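Asks: Letter by letter, the sequence shown follows residues -20 to -1, 1 to 369 in mature numbering (1 follows the signal peptide of the UniProt record, and there is no 0).
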Amino acid sequence: GLCLLVLRVFIGVHVFLVSCALPDSVVRRFIVRVMCSVLGLLVRQSDPRLRGAGARVFIANHVTPFDHNVVSLLTSCNTPALSGSPGFICWSRGFMELGVTGSRAELVDSLKEYSAHRGNPPLLLFPEEAATNGRAGLLRFSSWPFSILDEVQPVALQVRRPLVAVSVADSSWITELLWTFFVPFTVYQVRWMPSVPRQADERSEDFALRVQELLAMELGVVSTRITAADRTEHMKRLRHTSRLPFAPGEGPSCRTSAWALLLGGPLVPPSPPGAAPEDVRVVAMAQQVKEVLPHVPLEVIKTDLVQTDCVDTTIANLLEGRVPFFPESRETEDLPAPSTSQAAAASGIQGSVAAPFSKPATKQFAKSSVERHLSLQERKRALYDYARR
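Below you can see the structure in the form of structure tokens.
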């Protein structure tokens, strides 16, 4: 692997120089494609007769940072740079700089003007706006690529390589490039699909959803409603969870959720033998809820947290009775001793709840329904304040 890496870095420099020196033509694409096969980058295509059948906008799923380079080996196309600073790096990676740094509306107007010139190559756009491994599902398509023209051509991309996962979440394009050089080969399968026109009075959002469903069916994956922003937020949570300390004898669990399949998340070693395969983040949130509601069984808290993924929502569900449970007889059983600050906060909450009634609110049951309702509202308000500290 290391020998291949060193050799291919040297060859890759020559591939870059050749691609820069030759003008865009069939001869250039053929030469660069052959040289890329030496780098272990194998490109295959299905239904080439459908390629560029009058379409000015190609819509593809996003798998790796080099998807636009692979498609450009088969046909002439341009992909606008949506992120990152313009300059040599952006140009060397094969992106087209439009000089637009404003909103999406300005970008769409600029792309409409670009597409109006018939001499310009077609556009290749990735509505997912973030890369996934392409094995579980598609991220929700953004609507702005479908407001440029009334006809688009979907392109289905599938990537596979031995030994190493494709498009691991949070990896940079340099990391992906080095892994491509390290492994024996990486196979890109490009499938050209028939052009899809916009229906009469069809909104851009509905048009995007329809094309997403067609691509998902072609790839044999799920069409999800998870956006690129949701993916970014999920990765932030994973990075925060990885910094949480583990208790003695505990370890991180295997992530087999749809997120891990969809994003190709970081590889986490399995739990030690005999340890329960629990999500560390759920355990940490469950402890927070347990500190606020010590009489609720921990398993009930974990079960609801798996569904809500939010501490505040779980507390509200437990307080409002949406999650049935039997209170634990011993509130301090199997729990670590609270710290001084936690004890002071808990005593402050109990004092603020019990003061209006002049009696313990957690042990006595009010006879009047009005008093019970007021007691519940006061306890909820106090527990919310404590949980949000």
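C-beta atoms are modelled at their ideal positions from N, C-alpha and C, and glycine is treated no differently.
Computed from a prediction, not measured in an experiment: that's the story for all the values here.
Using DSSP with H/G/I as helix, E/B as strand and the rest coil, what is Ile39?
Replies: strand
Asks: Does the beta-carbon distance from Phe162 to Gly(-20) come in below 8 angstroms?
Replies: yes
Asks: Assuming Val132 and Ser175 are in contact, meaning their beta carbons sit under 8 angstroms apart, how far apart are those beta carbons, in whole angstroms?
Replies: 7 angstroms
Asks: Reducing DSSP to helix, strand and coil, say where residue 371 ends up.
Replies: Only positions -20 to 369 of the chain appear in this structure, which leaves residue 371 out of reach.
Asks: Would you mind reading off the limits of the alpha helix (DSSP H) that contains Leu298?
Replies: 291 to 299
Asks: Suppose the cutoff is 7 angstroms on Cβ atoms and the five residues either side in sequence are ignored; what does the same chain contact list for Ile281 look like?
Replies: Ala266, Val269, Lys270, Thr294
Asks: Could you check which residue in Leu(-16), Arg361, Glu358 has the C-alpha nearest to that of Pro164?
Replies: Leu(-16)
Asks: Got a sec? Which residues, its chain only, sit under 7 angstroms from Arg217 by beta carbon, not counting five neighbours each side?
Replies: Arg261
Asks: Quick one: grab the DSSP three-state call for Gln179.
Replies: coil
Asks: Hey, Ser90 and Leu78 are a contact pair by Cβ (cut 8 angstroms); roughly how many whole angstroms apart?
Replies: 5 angstroms
Asks: If we call anything under 8 angstroms between Cβ atoms a contact, is Leu137 one with Val37?
Replies: no
Asks: Give the range of the alpha helix (DSSP H) segment to which Val(-6) is assigned.
Replies: -19 to 1
Asks: Assign Leu247 to buried or exposed, taking buried as 16 or more other Cβ atoms, counted over all protein chains shown, within 10 Å of its Cβ.
Replies: Its pLDDT being 39, under 50, Leu247 is placed unreliably by the model, and the measurement read from it follows with that caveat. Flag for Leu247 reads exposed.
Asks: Check Phe306 in the structure and name its three-state DSSP category.
Replies: Reduced to three states, the DSSP call for Phe306 is coil.
Asks: Which residue wins for smallest C-alpha separation from Arg361, given the options Val272, Leu54, Asn58?
Replies: Val272
Asks: Run the CB neighbour count on Pro125, radius 10 Å, all protein chains shown included, and call it buried at 16 or more, exposed below.
Replies: Here Pro125 is buried. Its C-beta has 16 or more other C-beta atoms within 10 Å.
Asks: Residues in the same chain with beta-carbon distance under 8 angstroms from Arg205, minus the five sequence neighbours each way, listed in chain order, please.
Replies: Arg120
Asks: Apart from the five residues just before and just after Glu198, which ones in its own chain have a Cβ nearer than 8 angstroms to its Cβ?
Replies: The beta carbon of Glu198 sits closer than 8 angstroms to those of Pro134, Ala136, Arg171, Met173, all from its chain and outside the five residues before and after it, given in chain order.
Asks: If we call anything under 8 angstroms between Cβ atoms a contact, is Thr112 one with Val43?
Replies: yes
Asks: Less than 8 angstroms separating the beta-carbons of Val191 and Thr166?
Replies: Here Val191 is not near Thr166, since their CB atoms are 8 angstroms or more apart.
Asks: Which one of Val14, Gln179, Val51 has the shortest CA to CA distance from Pro28?
Replies: Answer by Cα proximity: Val51.
Asks: Could you tell me which of Ser152, Tyr168, Asp130, Pro142 sits nearest to Ala180, measuring between CA atoms?
Replies: Checked all of Ser152, Tyr168, Asp130, Pro142; the closest Cα to Ala180 is Asp130.
Asks: Using a Cβ cut-off of 8 angstroms (strictly closer), state whether Glu131 contacts chain C.
Replies: As a matter of chain content, chain C is missing from the structure shown, which is built from one protein chain.
Asks: Mind checking Cys57: buried by the 16 CB within 10 Å criterion, or exposed?
Replies: buried
Asks: Can the beta-carbon of Trp153 be found closer than 8 angstroms to that of Pro60?
Replies: Judged by beta-carbon spacing, Pro60 lies beyond the 8 angstroms limit of Trp153, meaning their Cβ atoms are not closer than that value.
Asks: For Leu(-4), tell me which candidate among Gly74, Arg24, Lys92 has the shortest Cα-Cα distance.
Replies: Gly74
Asks: If we count the other Cβ atoms within 10 Å of its Cβ and call it buried at 16 or more, is Leu53 buried or exposed?
Replies: buried
Asks: For Ser184, which residues in the same chain have their Cβ closer than 8 angstroms to its Cβ, ignoring the five residues on either side in sequence?
Replies: Taking Ser184 as the centre and dropping the five residues before and after it, the same chain places the C-beta of Ser123, Trp124, Phe126, Ser127 closer than 8 angstroms to its C-beta, in chain order.
Asks: Could you check what DSSP says for Pro107 in three-state terms: helix, strand or coil?
Replies: Looking at Pro107 - three-state DSSP - the assignment turns out to be coil, as it is neither helix nor strand.
Asks: Flag this pair as yes or no: are the beta carbons of Asp284 and Val303 separated by less than 8 angstroms?
Replies: yes
Asks: Would you call Pro107 buried or exposed, if buried means 16 or more other Cβ atoms sit within 10 Å of its Cβ?
Replies: Burial call: buried.
Asks: Where does Thr283 sit, in a helix, a strand or coil, going by DSSP?
Replies: helix
Asks: Determine the DSSP secondary structure at Glu258, reduced to helix, strand or coil.
Replies: Here Glu258 scores only 49 on pLDDT, less than 50, and its place in the model is too uncertain to base an answer on.
Asks: What does the Cβ neighbour count give for Glu109, buried or exposed, with the cut at 16 atoms within 10 Å?
Replies: buried
Asks: Which stretch, first to last residue, makes up the beta strand (DSSP E) that contains Val167?
Replies: DSSP places Val167 in the uninterrupted beta strand (DSSP E) bounded by 166 to 172.
Asks: Does the distance from the CB of Gly117 to the CB of Val202 come in under 8 angstroms?
Replies: Between Gly117 and Val202, the CB-CB gap stays under 8 angstroms.
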